[in-house]
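Structure, as structure tokens:
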Amino acid sequence: MPANNTHTGTVKPGGKVRLSYWVWTVIFIVFAIVLVAHYLPEIKKEVLLLERVKIYWLVIAVCCQLLTYLFAAVVYGILLKAHKLQQQPSIWELIKAAVIALFFNQTVPSGGISGNTYIFRFLQKFKLSARDSVNLIVTEMVCYYAAIEALVLPLLLFCLLFYKSPHVIKIVLFAGIVIFLSLSTLILLAGKQKTLMSIYKKIKKIKFIGKKLSPDFSRGGQSQHQFLKKEPRKVVNAVIFQLLVLAVDSLTVFSLFWGMGVQISPLVVLLAFMCTRIISILPISPGSLVVYESGMVYFLVSLGAPVGTSIVVTLLYRLLSFWLPMPVGLIMYRRELHKSSLNQNN
Numbered sequence: 013m014p015a016n017n018t019h020t021g022t023v024k025p026g027g028k029v030r031l032s033y034w035v036w037t038v039i040f041i042v043f044a045i046v047l048v049a050h051y052l053p054e055i056k057k058e059v060l061l062l063e064r065v066k067i068y069w070l071v072i073a074v075c076c077q078l079l080t081y082l083f084a085a086v087v088y089g090i091l092l093k094a095h096k097l098q099q100q101p102s103i104w105e106l107i108k109a110a111v112i113a114l115f116f117n118q119t120v121p122s123g124g125i126s127g128n129t130y131i132f133r134f135l136q137k138f139k140l141s142a143r144d145s146v147n148l149i150v151t152e153m154v155c156y157y158a159a160i161e162a163l164v165l166p167l168l169l170f171c172l173l174f175y176k177s178p179h180v181i182k183i184v185l186f187a188g189i190v191i192f193l194s195l196s197t198l199i200l201l202a203g204k205q206k207t208l209m210s211i212y213k214k215i216k217k218i219k220f221i222g223k224k225l226s227p228d229f230s231r232g233g234q235s236q237h238q239f240l241k242k243e244p245r246k247v248v249n250a251v252i253f254q255l256l257v258l259a260v261d262s263l264t265v266f267s268l269f270w271g272m273g274v275q276i277s278p279l280v281v282l283l284a285f286m287c288t289r290i291i292s293i294l295p296i297s298p299g300s301l302v303v304y305e306s307g308m309v310y311f312l313v314s315l316g317a318p319v320g321t322s323i324v325v326t327l328l329y330r331l332l333s334f335w336l337p338m339p340v341g342l343i344m345y346r347r348e349l350h351k352s353s354l355n356q357n358n
């Protein structure tokens, strides 16, 4: 699956760019450079491993990764249609927002909070009220968790009834059901008005975010619970596209295996992929580094995949889904900051 710091007020009336513009830009550039430099040997190895993949399967894998951003953008587009905005963001703007949000989630281990903060600020640009922005983000997260449950539950039942899999796979799948049900419940409770008011007051205390928020959080449309009741078709469509995000993401791994000449079962890939998603949900490190790689290799091997190929495929998948999108997200974020500054100056 997949997740707003676009500074709309970074220019003073005199035309000079505020210090905060450069401070936050430098912080994220330095953080990204340090992260890449620290793991540079691994990145070099992953780039060299690309030569071992058949070109047409590599193209399919890259296309699958691009589709994850498209489908993630469509999810937000579907949910935004429920709000009567004067100007709806284009699909390209939503794709850029999805890429930038991923950049924040990858560089700042916050369990998705950093990316959602960017999305919040992005929605504010289109005059969506603070309350509706939070409700939309919460609804998107619920749809994502629902999509995971919709995959994990039948996978667990299939493993219990028809497919002989290691006990660790069944345990992780069961734990995933409990974890994501709990998260969905907590998020739905957080969607209540009193809880949202409490969260909003805390956000208002953050200097570079709070001063840009609308003064009255109580203003806005329907609550999140009302949205779920009144817009069931949009919610179902959003869940379907979240499922597509997960499907094409796992298809990336499948394509890399076949590109390496290993005809692995789609079921094995999906089981290993979903188990890895479950164990990597905790914000332990940026992008769940080490946890994600070791987890995916372990689950693939436990399901019968070759050890060497599993390691290579995992590294290549992380190159396509983590390392390569990072500089793209950084460049897009810098351009958004620059564009915002120019608009404010004009």
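All residue numbers for the sequence shown refer to my numbering, where the first residue is 13 and numbers rise by one.
Every residue gets a Cβ at the ideal spot worked out from N, C-alpha and C, and that includes glycine.
Treat the numbers as computed from the prediction; the structure is a model and nothing was measured.
Legend entry - Uninterrupted alpha helix (DSSP H) stretches inside the region 258-322 (no shorter than 4 residues): The region 258-322 contains, as complete alpha helix (DSSP H) runs of 4+ residues, the segments 278-291, 303-314 (chain order).
Legend entry - Distance, Ile-189 Cα to Phe-253 Cα: Spanning the two alpha carbons is a distance of roughly 20 angstroms.
Legend entry - Unbroken alpha helix (DSSP H) run spanning Tyr-175, endpoints: Segment: none, Tyr-175 is in no alpha helix (DSSP H) and carries neither H nor E.
Inset, instruction - Kindly indicate which residue of Gln-118, Asp-261, Lys-108 has the alpha-carbon position closest to the one of Lys-80. - result: Just to set this straight, residue 80 is Thr in the shown sequence, not Lys. Of Gln-118, Asp-261, Lys-108, the residue nearest in Cα terms is Asp-261.
Inset, instruction - Spatial neighbours of Ser-292 within its chain, please: CB distance less than 7 angstroms, with the 5 preceding and 5 following residues excluded, ordered by chain position. - result: Ser-300, Val-303, Tyr-304, Gly-307
Inset, instruction - Report yes or no: do three or more beta-carbon pairs, one from the region 269-280 and one from the region 99-108, lie closer than 8 angstroms? - result: no
Legend entry - Under the three-state DSSP convention, the category Lys-96 falls into: coil
Legend entry - First through last residue of the alpha helix (DSSP H) which encompasses Phe-134: 125-136
Inset, instruction - Sort Asp-144, Thr-288, Ser-267, Ala-317 by Cα distance to Gln-77 and report the nearest one. - result: Ser-267
Legend entry - the region 346-353 touching the region 322-333, judged by at least three CB pairs closer than 8 angstroms: no
Inset, instruction - Could you tell me the distance, in whole angstroms, from the CA atom of Phe-229 to the CA atom of Ser-145? - result: Residue confidence is low: Phe-229 scores 49 on pLDDT, short of 50, so the model does not pin down where it sits. Its coordinate-derived value is still stated next. Taking the straight line joining both Cα atoms gives about 10 angstroms.
Legend entry - Reference Ile-199, options Ala-94, Gln-118, Ala-158, Met-338, closest by Cα: For Ile-199, the nearest C-alpha among the options comes from Ala-158.
Legend entry - Pairwise C-alpha distance: Gly-127 and Leu-114: Leu-114 and Gly-127: Cα-Cα distance of roughly 6 angstroms.
Legend entry - For Gly-341, the three-state DSSP class (helix, strand or coil): helix
Legend entry - Straight-line gap, Phe-334 to Thr-288 (C-alpha atoms, nearest Å): 15 angstroms
Inset, instruction - Please determine, among Val-87, Glu-63, Arg-346, Arg-64, the residue with the shortest C-alpha to C-alpha distance to Arg-245. - result: Val-87
Legend entry - Reduced DSSP category for Val-65 - H, G, I as helix; E, B as strand; rest coil: coil
Legend entry - For Glu-243, three-class secondary structure by DSSP: The three-state reading of DSSP puts Glu-243 in coil, since its state is none of H, G, I, E or B.
Legend entry - Classification of Phe-134 by the beta-carbon crowding that lies within 10 angstroms, buried from 16 upward: buried
Inset, instruction - Leaving out five residues on either side along the sequence, give the residues of the same chain with a beta carbon under 6 angstroms from the beta carbon of Glu-161. - result: Taking C-beta separations shorter than 6 angstroms and ignoring five residues to either side along the sequence, the partners of Glu-161 in its chain run Phe-192, following chain order.
Inset, instruction - Find the nearest neighbour of Ala-73 within the set Leu-342, Arg-330, Arg-346, judged by alpha-carbon distance. - result: It is Arg-330.
Legend entry - Buried/exposed call for Cys-171, threshold 16 Cβ in 10 Å: When all chains shown are included, Cys-171 counts as buried.
Inset, instruction - Closer than 8 angstroms by C-beta to Leu-165: which residues in its own chain qualify, once you throw out the five before and the five after it? Chain order, please. - result: Cβ neighbours of Leu-165 beyond the five flanking positions: Ile-189.
Legend entry - Per-residue DSSP class, three states only, for Ser-102: coil
Legend entry - Beta-carbon proximity list for His-379, same chain, < 8 angstroms, skipping 5 on both sides: This structure does not reach residue 379, given that the chain is present from 13 up to 358, and the question cannot be answered.
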